[in-house]
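The numbering used here puts the first residue of the sequence shown at 167, with every later residue one more than the last. One structure below.
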Amino acid sequence: MEQTVYLQPLEPAEKAEKKPDTEYTKSMKRQFPLFGISSLLYSAFYAFCLYKNASGITYPFFVIGTLCYFFFSMRKLGVPYKKDSIFYIVSVVLLGISNCMTASPQILYMNKCGIFLLTFTLMLHTVYNDKAWNLPKYFAAIFQTIGSCLACLFSPFGDMVSYFDAQKQEKPSKKSYFPAILIGIAIAIPLLVFMTMLLASADVVFGKILVSLTKALNIWTITGILFLMTVVFFSSYGIFTALCKKSVREEPRERTLLDPIIAVVITSLLCVLYVFFSVIQILYLFIGNMELPAGYTYAGYAREGFFQLLAVCIINLFIVLTCLYLFRESKVLKGILTVICACTFIMIFSSALRMILYINSYALTFLRLFVLWSLAVIFFLMAGITAAIFWKHFPLFFYGAVTVTICYIVLSFSHPDYLIARYDLSHDGSRDYLCQLSADATPAILNPDINLDFTDIQEALVVSENTAYDDTYYDLYWIRRHYYNIEDLTKNMHFRNFNFSLYKAQKYIE
């Protein structure tokens, strides 16, 4: 007898449970008016300080205001302040001060990148317990937080609804008109713009009056400021929302370490190559008493290959770090990595010597100066990595962050363009590159004690375009170009975009 089998309908897959709100998220929603208003005020402060103002005196105030805004918000959320955050705070403030003391585009760009990375690191350090984090973990946390921030850009709307729902439950008899007013404004603004455009096209007189009013009010500037404020408001609120979610896992994941034999085989072959190369550097470059190949002079041999060596040094740094993080501990591997570090030091000195000899022959530029600075930074980082090979608990991330930050602050405050101009003016060579330097170089270019080609600014200004390439006037022509460039940069300087480097350069052209 056949038995009937009844198939049970498959249960629908359970929906993934939404991650519950953290205590910080709940606190932020409860205090929505406070965070909403503070984010709005911060956006206005941001626009005042930085709108069309990349290097003004308002920049250090912006940095200090941002730190005050952050720690004020953290205090309201109940996040404790950590005393060891002082290094990040001081570094960010110094970079902000540097921004209004230099006019170099390269330094300004790197200052802003440094401020961003240090501020983000400070935020993560404040919210999370990052004592056990290493370099890969920190970079992963930064990218994860940025991604979470993008997902939370419109969180103010959700938090506003949650806040008013909570208020309604607590006081059911009290009716709030704020959401309705906000919805009405959101609908009215685009409708008002559309109707204004229709009416302006329908009546010529109305259109002309509207155009004149637009010019008088500088409507495009107002629109740009409002747009910037909107972006900053949602971004700042979104960052706090992302931090409150604490989506980054604090405890480092247990990782399966690979067999060190793999690393030993790879690094041992590299080690043999590096030792042979290092011996060549010592015998031919440092001592210089060995016979070179036919057609080569010692000067020509020494003035090439610095960029390739810089690339090898950077690759070696990552190779050693990878071996430390991915492979099990091994005495043989430690010995090989130590030899690679020693060879890297020789390569650093070799590249630096080649670059110095090259500069002596072909003048100094920002890129060449930056290469020397990079080699110094790599030297200090490699010293820390060498210590980490033998000391398992060496704080490599903090050491690296402190090293790079201090070295960069020194570079930022050193006014590289001034150093470049001063060096090049004391050596023979083309002056065309000096015309491209920022106002930082003016105290050298327009200083007769440093620039022997310069005697009087009025003499330089009478050089005409027709005589620009005449040998008699060539030296004065490039000075004239620099003069007019500085004059153009300083003529519209006011209290917001006041820059100390431009102010100092202005004194030289007056």
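Backbone N, C-alpha and C fix where the C-beta goes; we use that ideal spot for every residue, glycine too.
Proximity of the segment 439-448 to the segment 505-514 meets the contact definition, three or more beta-carbon pairs being nearer than 8 Å. In this structure, DSSP gives F560 a state outside helix and strand, which the three-state scheme calls coil.
A distance of 8 Å or more separates the beta carbons of I611 and L535. When F484, C266, F406 and R646 are compared, the shortest CA-CA separation from K192 is found for F406. According to the DSSP assignment, D325 belongs to the alpha helix (DSSP H) that extends over S321 to E336.
Three or more Cβ pairs closer than 8 Å define a contact, and the segment 282-289 meets that threshold against the segment 253-265.
With 16 or more neighbouring CB atoms inside 10 Å of its own CB, N219 falls in the buried class.
Three or more Cβ pairs closer than 8 Å define a contact, and the segment 398-413 falls short of that threshold against the segment 475-487. In the three-state reduction of the DSSP assignment, F493 falls in the strand class, which pools E and B. When C-alpha distances from L261 are compared across V327, S402, E417 and Y574, the shortest belongs to Y574.
The bridge partners DSSP lists for L424 are F493. In this structure, the CA atom of F545 is about 7 Å from the CA atom of I514. As the crow flies, the alpha-carbon of I223 is around 35 Å from that of F323. Burial is judged here by how many other beta carbons sit within 10 angstroms of a residue's own beta carbon; V537 has at least 16 and is buried. In the three-state reduction of the DSSP assignment, R241 falls in the helix class. As the crow flies, the alpha-carbon of A549 is around 10 Å from that of I555.
Rounded to the nearest whole angstrom, the C-alpha separation of R647 and I349 is 56 Å. In this structure, S540 lies near L476, with their beta-carbon atoms less than 8 Å apart. Counting every other CB atom within 10 Å of its CB across the protein chains shown gives M521 a total of 16 or more, marking it as buried. In chain order, L290 place their CB closer than 7 Å to the CB of D296, counting only its own chain and leaving out the 5 sequence neighbours on each side.
A contact is defined here as three or more CB-CB pairs under 8 Å, and the segment 560-567 fails this definition with respect to the segment 499-506. By the criterion of at least three beta-carbon pairs nearer than 8 Å, the segment 225-234 is in contact with the segment 261-276. The Cβ-Cβ distance between Y294 and K195 does not fall below 8 Å.
Between P561 and R494, the C-beta spacing is not below 8 Å.
Looking from the CA of P614, the closest CA among L603, Y599 and I645 belongs to I645. Its chain contains D325, M326 and Y329 as the residues whose beta carbon lies nearer than 7 Å to that of F198, once the 5 sequence neighbours on both sides are disregarded; these appear in chain order. Taking L591 as reference, the option from Q474, P609 and Q333 with the minimal CA-CA separation is P609. For L612, the three-state secondary structure derived from DSSP is coil. Across the structure, L200 and Y212 are spaced so that their CA atoms are roughly 18 Å apart.
Taking C-beta atoms as the reference points, L533 and L424 fail to come closer than 8 Å. A residue is called buried when at least 16 other Cβ atoms come within 10 angstroms of its Cβ; R419 does not meet this threshold and is exposed. Beta-carbon to beta-carbon, Y217 and L394 are separated by about 6 Å, close enough to satisfy the 8 Å threshold.
Counting C-beta atoms within 10 angstroms of its own C-beta, P186 has fewer than 16 neighbours from the protein chains shown and is therefore classed as exposed.
8 Å or more divides the Cβ of I308 from the Cβ of P582.
For K303, the enclosing alpha helix (DSSP H) has its first and last residue at L301 to A317.
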